[in-house]
Amino acid sequence: DVKVTQSSRYLVKRTGEKVFLECVQDMDHENMFWYRQDPGLGLRLIYFSYDVKMKEKGDIPEGYSVSREKKERFSLILESASTNQTSMYLCASIQDRRVTRSPLHFGNGTRLTVT
Amino acid sequence: AQSVTQLDSHVSVSEGTPVLLRCNYSSSYSPSLFWYVQHPNKGLQLLLKYTSAATLVKGINGFEAEFKKSETSFHLTKPSAHMSDAAEYFCVVSGNRGSTLGRLYFGRGTQLTVWP
Chain Z
443 DVKVTQSSRY LVKRTGEKVF LECVQDMDHE NMFWYRQDPG LGLRLIYFSY DVKMKEKGDI
503 PEGYSVSREK KERFSLILES ASTNQTSMYL CASIQDRRVT RSPLHFGNGT RLTVT
Chain X
17 AQSVTQLDSH VSVSEGTPVL LRCNYSSSYS PSLFWYVQHP NKGLQLLLKY TSAATLVKGI
77 NGFEAEFKKS ETSFHLTKPS AHMSDAAEYF CVVSGNRGST LGRLYFGRGT QLTVWP
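Top to bottom, those sequences are chains Z and X.
Taken in order, the first sequence gives residues 443 to 557; the numbers are from this note's numbering.
Taken in order, the second sequence gives residues 17 to 132; the numbers are from this note's numbering.
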């Protein structure tokens, strides 16, 4: 069974800190995604990656960057955390970009609080 | 452009009664549609998907959804709710071409409460 592991379940950071959210998947998936989940807004795509060292902006990339140095690991970086980045962050992976062929596999999320 | 609208942010039902979670979609071409469920403190799990085969799609845990092109709807139903169905449900449409390939567009979610 595919496992997507997010390194932290809860994280509290101060405004202005640089924050790293880590995600690892164990099924050799090429495609990985970072979403942000807020009440009443559903999931919004921050960044995604189709291959190592490749990245593309999603719908809300401002204030974030990503790193994909290895196939199994996709990191989300908050360069200078702000209180409006307090949220639940979800990582996901999928083997085939034709999403009809297989489901998106999600991690359990990291709840980040910026004070 | 692809988008989905979940018509209810909250739905409450009694255990044993039918469940209806409503979703309308917008897509430039034939869509692929999904329902995902998120239980408290868990990641999202795929319930079912429509991919242009049968319009009535059966999923896990007794859920099913019907694709109605004329109404641009993909409502989720279950004949009899169980306490364990209490969760948040997301209707999702996928991008199928070009730069949208592989991207999923999520609705805002419907929180389902099941009363004993």
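Positions of the beta carbon are idealized from the N, C-alpha and C atoms, including for glycine.
For E82(X), the CB contacts under 7 angstroms within the same chain, skipping 5 residues up- and downstream, are T71, L72 and H91 in chain order. Annotation for S110(X): the continuous beta strand (DSSP E) segment containing it runs A103 to S110. As the crow flies, the alpha-carbon of T21(X) is around 16 angstroms from that of G111(X). If you draw a straight line from the Cα of S100(X) to the Cα of V461(Z), it comes to about 35 angstroms. When CB distances to chain Z are screened at a threshold of 9 angstroms, the residues of the region 51-65 of chain X falling below it are Y52, Q54, N57, K58, G59, L60, Q61, L62 and K65, in chain order. For I76(X), no beta strand (DSSP E) run applies, since DSSP gives it neither H nor E. For a Cβ distance threshold of 8 angstroms, residue set G482 of chain Z lies close to S25(X), ordered along the chain. In the three-state reduction of the DSSP assignment, Q537(Z) falls in the coil class.
Residues of chain Z with a Cβ closer than 9 angstroms to the Cβ of R38(X) do not exist; the shortest Cβ-Cβ separation is about 15 angstroms. DSSP places M99(X) within a helical segment (H, G or I) once states are collapsed to three. Counted as a single uninterrupted DSSP element, the beta strand (DSSP E) harbouring Q22(X) occupies residues S19 to Q22.
With a threshold of 8 angstroms between beta carbons, P503(Z) makes no contact with chain X.
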